[in-house]
Each structure stands twice: as structure tokens, then as C-alpha cells.
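These notes concern the structure reproduced below.
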Amino acid sequence: MTFAAWLTIGLFVLTYLGMAAGGVRGLRIDRSWIACCAAVLLLVSGALSMEDAAHHLDPGALLLLLALMLISAQFDFSGVYAWLNRYLTEHAERPAVLLMGVVLLGGLLSAVLVNDIVAFALTPLLCRSLHLRGLEPRPFLLALALSCNAGSAASLIGNPQNILIGQAGSLDFWGYVAVAGPPAVIAMAIVYAVIWLQWRHRWGQARPLAADDTPVEHIYGAHSYLKPLLASLALLALFATALPRELSALLIAVLVMVSRRVDSRDYVNKVDWNLLLLFVGLFLVSGAALQLPQLAHGAAWLAEHGLLPQGVISLATSSLLASNLIGNVPFVVLLLGLMPELSHSVLIGLAVMSTLAGNLLLIGSVVNLIVAEGAKRQGVRLGFVDYARSGVPVTLLSMTVAGLWLALGGWLPW
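The opening residue of the sequence shown carries number 430 in my numbering; numbering runs sequentially from there.
As C-alpha cells, then:
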């Protein structure tokens, strides 16, 4: 092989080792930096040309993710998150009902918005409100993380990997919801049941809410609640038309950003550029490696001998291992590169299984890390063992239900 081929394979391997490690010990760099650094080295060395780089990028997925982040920002600016959190806080005298509210809030919002943003917005609000009422915050934070993952499995815009899968396979939005929605709803019910059983005697008793303890409304006020609601309904309606999803989302995002109260730069500042950079880096590194004849022949050999996931059991197993080793987004990018001609049924199974698998461990999903880091900044420690105690049973039960649903419904073979 040529030097360029060896360099490409080496950077490809190092990138996915970095995905597994989550960074480099002793340095404050993350997965996004690792992927982008490898991509830059490929471009500078000439191992990847600019023309090939443009070919490997998926502009539809990147634009859709960007547009959804801009739309999600409106929920924050309008005070919707703050209002919903205040409503939950006022019902803290019944922790079981509060738990149900957190599960429904996290799951349903994540089905129509990117779950990373939902978790980022709600975690600090929830921590402050639970502290105000004197309740143990960990079960409710666990419910938020687990339900954001479970609910996001219901749609093709709920999380980054589903956005990528939907764009790669041109999947029908509402057709996917019809298949993935029921197991996602059952997964949310499992989240509630597991956490209630584990924490019902340990979440404490809420103290009365004094008049001056009522959480303050968001600066942009309640008068703006209608705007994000109409934007979401318009977006879902456009998804039923022939207009490409990324263009539908961009149209709504542009209209949402027309405001007399919020500067357009404030919307831009809400975008998770780190996640977009991770996508770009993974697209370029994986694309460059998988276009090499040696790796292309290897992928064809694996597919020919049935060693790549195609059925319920293989998808579930590979998703559990890879999502909790390298992360579900890198896993999906890699698998789509290895198997570019996946059937719609396998893509649906991949979206459901890779999302639910992210609930297993704290490192399995970006959402889990967002909740843990957000809680830490509020003085709450959500540890690896705390998470696994709930995440393992929730994941195994929800993936079993999803597997039975997909197999018995005829969407996937065993």
C-alpha cells in the first residue's frame, strides 16, 4: 500500500480509539477535536482531496441538525422550558407524579427536538427546582437522561444518529414514527417503572414552596409560548410533504429567527457547533478510509459472510457493544459507511436499537454526559454506578421489547 493509504488507515484506527477513550488523558480535548484533527491531517497530507472530502460530507444531515438546533433555541428563549419546569416543581409534593412528568417531558420533547438540546436546557432548571423543594435530585435526573434517549427513538429528528440514518436512507418520517413510536413509548414506561421501584423510598419529602421561592419566569416571558408551538406543528406538517426534511427545517428556522426581542446571533450561539464538528470529522475520516480498496473489500467480505448486523439480535448486540464503546453517533457513521445499501427495515432497526442502547451506561450517549455534567455544575454528582443501576435494566428491558416488536411485526428477521 502507499503511504497515503497507511496514513488513512492509521488515522481511522486512532480516531475510533479516541472515540472509545472519549479524549486524550492529560489534555482537555474531546471526541470532536480528535475527529476533526484526523480529518485536517488527511487533507493537509494529500491523502484526502478537497473534492473527495466534499463527496463524503452529508450536507442534508448537517443542515437538518443545524436547523433543528435553531428551532429548539426558540423553546428556551420563549420560556417554555422554564414554564414546564415550574409546573413540575409545583407538584413536587407527590414525587411519583413529578417523576412521571419528568419522563413525559423529556421523552415527548426529545421526539420533536434534538435530545441533546432538551437535556442541556432542562438539567440546570430541574436541579435548581429540586433543590428548592428539598428532594433527592438523582432519580429525576436519571429519568430525564433515560427518557430523552427513549423518546428520541420515536422519530427521525430526535437525536443526531437518527437524523443521519433518516437522511442516508431517505426514510419516510411518519412511516418511521408508526414503527418506532410504540417501542419508544414502552421504553419510557420502563424508565418510569424502574426508577420508581429503585427510588420510591429514597427521594425524600418535598418541603412547602414559599411564595418568594417560585422560580422566576424566563426573561422573554410567557407571551411567546405560541411561537415555538406553531413552529413545531408547521415543521411536522411539512415533513408530510415532498419537500426535503432539511429544507423544511431550514424554512421554519429562518422564520423563527425573525424576532423583535431576540438577536439572531443569540440563536446562533445556541447551536452545538461541537456536535456538528464531530459529524464533519467522522464523515471525512470514515469516508476516506472506506474508499480504500483494502477496506472496501474487507467490508464486502464481512457482508458476504453475514458478519455485519442485519437482524434483531445482531443489531441489538452490535449496538450495545459499539454505542457504549465508541458512542452511538460514531457507530452509526461507521456502519453506514460499511453498509451503504442497507434496506429500510434494517435502517429502522438500527435507529431504534442504537438509540436505546445508549441508555446502558453513562458513556453510552452524549445526553447522559450532558445531564451528568450539568448536574455537577449544580452541585449534584450523578456517578457511573448510580447511572448503571438504572440504565442496565432499562436498556435490556426496552431493547428486548423493541426487538420483539420489530421481529414479530415482520420488520426485521431475528
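Just so it is clear, CB atoms sit at the ideal spot from N, CA and C, and this is done for glycine as well.
Taking the alpha helix (DSSP H) that residue i belongs to, which residues open and close that run?
| i | result |
| --- | --- |
| histidine 560 | 544-562 |
| threonine 431 | Segment: none, threonine 431 is in no alpha helix (DSSP H) and carries neither H nor E. |
| tyrosine 516 | 509-518 |
| leucine 789 | Note, leucine 789: premise wrong, no alpha helix (DSSP H); not H, not E. |
| glutamine 596 | 589-598 |
| methionine 805 | In the sequence on display, residue 805 carries lysine and not methionine. Residues 795-806. |
| aspartate 815 | 813-837 |
| methionine 617 | 602-628 |
| arginine 674 | 674-685 |
| leucine 493 | 488-506 |
| alanine 540 | 524-541 |
| proline 910 | Outside the displayed span of the chain (430 to 843) sits residue 910, for which this structure offers no information. |
Looking at the structure shown, is residue i part of a helix, part of a strand, or coil, going by DSSP?
| i | result |
| --- | --- |
| leucine 565 | Checking the displayed sequence, the identity of residue 565 turns out to be glutamate instead of leucine. Coil at glutamate 565, not helix or strand. |
| alanine 663 | helix |
| proline 842 | coil |
| isoleucine 648 | The pLDDT assigned to isoleucine 648 is 46, lower than 50, so where the model puts this residue is not dependable; a value taken from the coordinates is nonetheless given after this. Of the three classes helix, strand and coil, the one that applies to isoleucine 648 here is coil, per DSSP. |
| threonine 784 | helix |
| valine 691 | coil |
| glycine 657 | One point to set straight first is that residue 657 is proline, not glycine, in the sequence displayed. In this structure, proline 657 counts as helix in the three-state DSSP scheme. |
| isoleucine 586 | coil |
| alanine 669 | coil |
| alanine 521 | coil |
| leucine 436 | helix |
| serine 405 | Because the chain spans 430 through 843 in this model, residue 405 falls outside it and cannot be assessed. |
| leucine 771 | coil |
| glycine 778 | helix |
| leucine 754 | coil |
| alanine 635 | coil |
**Study point:** Segment contact flag, the segment 761-772 with the segment 560-571, C-beta cutoff 8 Å, min 3 pairs
**Key:** no
Exercise for review: Pair every Cβ in the segment 457-477 with every Cβ in the segment 703-721, then say whether three or more of these pairs are closer than 8 Å.
Suggested key: yes
Review point. Taking three-plus beta-carbon pairs below 8 Å as touching, is the segment 620-634 in contact with the segment 796-806?
Key: no
Exercise for review: Kindly confirm or deny that the segment 657-667 and the segment 473-489 touch, where touching means at least three C-beta pairs closer than 8 Å.
Suggested key: no
Check your understanding: In the segment 439-483, which residue ranges form an unbroken alpha helix (DSSP H) of at least 4 residues, counting only runs that do not cross its ends?
Key -> 460-474
Practice item. May I ask you to verify whether the segment 679-690 touches the segment 494-503, counting CB pairs closer than 8 Å and requiring at least 3? Key: yes
Review point. Just checking, does the segment 811-823 make contact with the segment 772-782 on the three C-beta pairs under 8 Å criterion?
Key: no
**Study point:** Cβ pair count under 8 Å reaching 3, the segment 579-595 against the segment 605-619
**Key:** yes
**Study point:** Cβ contact check for the segment 542-549 and the segment 585-600: 3 or more pairs under 8 Å
**Key:** yes
Point to revise | Within the segment 697-751, ranges of the alpha helix (DSSP H) (whole runs, at least 4 residues) | key: 702-719 and 722-733
Exercise for review: Specify whether the segment 444-452 and the segment 753-760 touch according to this definition: at least 3 beta carbon pairs, one from each stretch, less than 8 Å apart.
Suggested key: yes
**Study point:** the segment 696-715 in contact with the segment 520-527 per 3-pair CB rule at 8 Å
**Key:** no
Review point. Quick check: the segment 615-624 against the segment 802-817, are there 3 or more CB pairs under 8 Å?
Key: no
Exercise for review: Please determine if the segment 523-532 and the segment 498-509 are in contact, where contact requires at least 3 C-beta pairs separated by less than 8 Å.
Suggested key: no
**Study point:** Segment contact flag, the segment 705-715 with the segment 431-448, C-beta cutoff 8 Å, min 3 pairs
**Key:** yes
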